[in-house]
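Following: one structure in C-alpha cells, then a few remarks.
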C-alpha cells in the first residue's frame, strides 16, 4: 500500500492499481507504431482497452477504434485489441486484406489455446465470465460451437447434461466466484477439467482491495464504467460493507460527501493510467483537507508549483551558485534575469502545449486552461524584464539572451520540410531534456558574464556543466514519473526513447 497522512486523514493507494501487463503491452505496441506511422491512421478492432480517457488520447495520436469492418480498405493496419478476437473475426480481417497486428494479451492467448485444444478433444467448454465482454466473445469462437458462458452460480443449474467439460475463466473474473462455480460444476459433470486462467495480476488486485476495504472508511475505484475488472473490484469492496464509489475521473469526486471519511482507500482497474489515479489522490487530499486547513505556507507552495514560480526560484538559486563558482561578486540583476527568463520560457511552452497536456487534466494544466490570458501576459512581461535586465548588465549579454530567446521560439516552430517525420526541433527524440538543460546553463552561467573581448574561463565551464547536470537530472527524473502519459501524448523524452532502466543507469 502507498500511504499518505495529512493531519488526521489517511489516504491509501493500492500498489496494484493501474495498467496490468497485457494492457501496458498493447498500449506500448500501438504507441511504437504511432511514432513511425507518418500521416496514415492505424485502426484497432474495437477499443484497444476499456478506458475512455486512454482511448481518447490514442485517437489524438491517430489510433482509431473500429466498430465494424465495413468500408475498411485493403492494406490498412488493424490492431487486435488486448481482449483478443475470435478465429472467425480474424478470418474476416484476412479476407479484407488488412495488415494485422496482434496485441492480444498473452494470458488471454493461453486461454484461447486451452479452449481450442479441448474442444478438438470433444470436451464441452464452460467459460466463466461476462457474456457480453469482448474477451468472452473471442473465447467462445475457439470453442467451435461447443462453448457455454456461465456468469453466475445460478447459471450452472441451466447447463445441459454433459459427460466431460473443460472449465476456464475470463482472465479478470472474481476468484471466489470462479471457485464456487467450479465446485458446483464438478458436482454435476463426471469428468471436469479445470484451468486456473484468472490472471495473477487480477488475483493480487482483488486480494488487495479486500484488505483495503476492511481497513478504510470508504473506497474509490477508478476506471472506465465499461471495464469488467474495474466493476468487479467495486463489487468486491461493496461486499465487504464499505462505502464504495466507482468513478472514471477526479471530477466525479465533487458529488461525494468526503467529510464523512477520515480513512480513504483508492484502487483502479487494469486499464486505468497512472496520471488519472494520481489526479484522484490529489483531488481527494485537497478536497478533504481544504485550503484553510492547509495553512498559507502550503497554499503558497502549491501555487508556486501550479505555476512556474518554483522554477524561477530554482533558477535564481542556481544563478547564485554560478556567481560563487565563478568567484564574482553578488549581483541581484543576474538572479532576477535568470528567474524572469526561466519563468517566461516555461510558461510559454506550457501555453503552446496546452491542448495536448490538458488531456492529462493535472492541477497545473487546469490552472493554465482557466487563466491562460493572464499567464501569457505575465510570460511576455517576464521576457521583456529579462531582456531589460540583460541590457543593464551589458550589450553582449543582451545580444546573447536575445539569440537564445529566438532559438527557444524556433524550438516550437515547424522548421523542417513537410513530409519529414520531425517538423519541429521539439519533435526530435530526447531533445527536450538536452535543450532545457543547455538553455538554463547558458542563461545562468554564461550569458551574464560575457564581455568584450569574449573569454571563456575554466570557472565558467565548471559552472555551466554544474547547472546543466542539475537541470538535466531533474528533467529526466520528472519525465521518469510521467513516462506513461508522455508516451500517450507523443512526447519523446529520454525515458521514452531509451527506456526506464537505461535512463536510471544514465542518471547514476
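Numbering (the numbering used here), first residue to last: 849 to 1356. Glycine included, every Cβ here is placed at the ideal spot set by N, Cα and C. This one's a predicted model, so the numbers in the text were calculated from it and none came from an experiment.
Query raised in the report: DSSP state of residue 914, grouped into three classes?
Result: Strand, per DSSP.
Report task. Please report how far the alpha carbon of residue 957 lies from the alpha carbon of residue 946, in whole angstroms. Result -> Pairing residue 957 with residue 946, the inter-Cα distance amounts to about 21 Å.
**Report entry** Nonlocal neighbours in the same chain, by C-beta distance under 7 Å from residue 1140, ignoring five residues either side
**Finding:** Its pLDDT being 48, under 50, residue 1140 is placed unreliably in this model, and the coordinates cannot settle the point.
Query raised in the report: What is the rounded straight-line gap between the Cα of residue 1183 and the Cα of residue 1167?
Result: C-alpha separation (whole angstroms): 5 Å.
Query - Distance between beta carbons of residue 870 and residue 942, contact taken as under 8 Å - result: 23 Å between Cβ atoms; not a contact.
**Report entry** beta strand (DSSP E) runs contained entirely in the segment 879 to 943, provided each spans 3 or more residues
**Finding:** The qualifying runs are 890 to 893, 911 to 914, 925 to 928.
Query raised in the report: Over what stretch of residues does the beta strand (DSSP E) that includes residue 1067 continue unbroken?
Result: It spans 1066 to 1070 - the beta strand (DSSP E) in which residue 1067 sits, taken as one unbroken run.
Query - Residue from 908, 1239, 948 with nearest C-alpha to residue 1338 - result: Among 908, 1239, 948, the Cα nearest to that of residue 1338 is on 908.
Query - Range covered by the beta strand (DSSP E) that runs through residue 947 - result: Under the DSSP assignment, residue 947 falls in the beta strand (DSSP E) whose first and last residues are 947 to 950.
Report task. Would you check if the segment 1184 to 1197 and the segment 1228 to 1245 touch, i.e. whether three or more CB-CB distances between them fall below 8 Å? Result -> Yes: at least three Cβ pairs fall under 8 Å.
Requested in this report: Indicate the three-state DSSP secondary structure (helix, strand or coil) for residue 1349 in the structure shown.
Outcome: Correct three-state label for residue 1349: helix.
Query raised in the report: Where does residue 1035 land, buried or exposed, given buried means 16+ other C-beta within 10 angstroms?
Result: So residue 1035 counts as exposed.
Query - Residues bridged to residue 1272 (per DSSP) - result: BP columns for residue 1272 point to 1262.
Query raised in the report: What did DSSP end up calling residue 1014 once you bin it into helix, strand or coil?
Result: It is a strand residue.
Query raised in the report: How many Å lie between residue 993 and residue 999 at the Cα?
Result: If you take the alpha carbons of residue 993 and residue 999, they lie about 18 Å apart.
Report task. Using beta-carbon positions only, say whether residue 1065 and residue 1102 come within less than 8 Å of one another. Result -> In this structure, residue 1102 does not lie closer than 8 Å to residue 1065 by Cβ.
Query raised in the report: Who pairs with residue 1053 in a beta bridge, going by DSSP?
Result: In DSSP, residue 1053 forms no bridge with anything.
Query raised in the report: What's the gap between the Cα of residue 1330 and the Cα of residue 891?
Result: Rounded to the nearest angstrom, the two C-alpha atoms are 26 Å apart.
Query raised in the report: Nearest-angstrom Cα distance between residue 912 and residue 1056?
Result: Each residue's alpha carbon lies about 34 Å from the other.
Requested in this report: Go to residue 1188, then tell me how far its alpha helix (DSSP H) extends in each direction, as first and last residue.
Outcome: From DSSP, the alpha helix (DSSP H) with residue 1188 extends over 1180 to 1200.
Query - residue 1256 in three-state terms, based on DSSP - result: Helix, per DSSP.
Requested in this report: State yes or no: is the C-beta of residue 962 within less than 8 Å of the C-beta of residue 1017?
Outcome: Not in contact: residue 962 and residue 1017 (Cβ atoms no closer than 8 Å).
**Report entry** Minimum C-alpha distance to residue 1040 - residue among 966, 1341, 918, 1060
**Finding:** Distance from the Cα of residue 1040 is smallest, within the candidate group 966, 1341, 918, 1060, for 966.
Query raised in the report: Leaving out the 5 sequence neighbours to the left and right, which residues in its chain are closer than 6 Å to residue 960 when beta-carbon positions are compared?
Result: For residue 960, where only same-chain residues beyond five positions count, the Cβ hits under 6 Å are 990.
Report task. Would you be able to state if there are at least three C-beta pairs under 8 Å between the segment 1305 to 1318 and the segment 1332 to 1346? Result -> Note that the segment 1332 to 1346 does not touch the segment 1305 to 1318; fewer than 3 beta-carbon pairs, one per stretch, sit closer than 8 Å.
Query - Residue closest to residue 1090, alpha-carbon to alpha-carbon, out of 1250, 1059, 1074 - result: In terms of Cα proximity to residue 1090, the closest of 1250, 1059, 1074 is 1059.
Report task. Note down the Cα distance separating residue 950 from residue 882, rounded to an integer number of angstroms. Result -> Using only the alpha carbons, I get a separation of about 15 Å.
**Report entry** Under the three-state DSSP convention, the category residue 1305 falls into
**Finding:** Note: residue 1305 maps to coil in three-state DSSP.
Report task. Return the first residue and the last residue of the beta strand (DSSP E) that residue 1078 is part of. Result -> First-last for residue 1078: 1076 to 1087, but that is the alpha helix (DSSP H), not the beta strand (DSSP E).
Report task. Quick one: measure Cβ to Cβ for residue 1023 and residue 1051, integer angstroms, because I've assumed they're closer than 8 Å. Result -> Taking C-beta atoms under 8 Å as the contact rule, residue 1023 and residue 1051 qualify, at a distance of about 6 Å.
Report task. Helix, strand or coil for residue 1157, going by three-state DSSP, please let me know. Result -> Residue 1157 sits in a helix when the DSSP states are folded into three classes.
Query - Range covered by the beta strand (DSSP E) that runs through residue 1093 - result: Start and end: 1092 to 1095.
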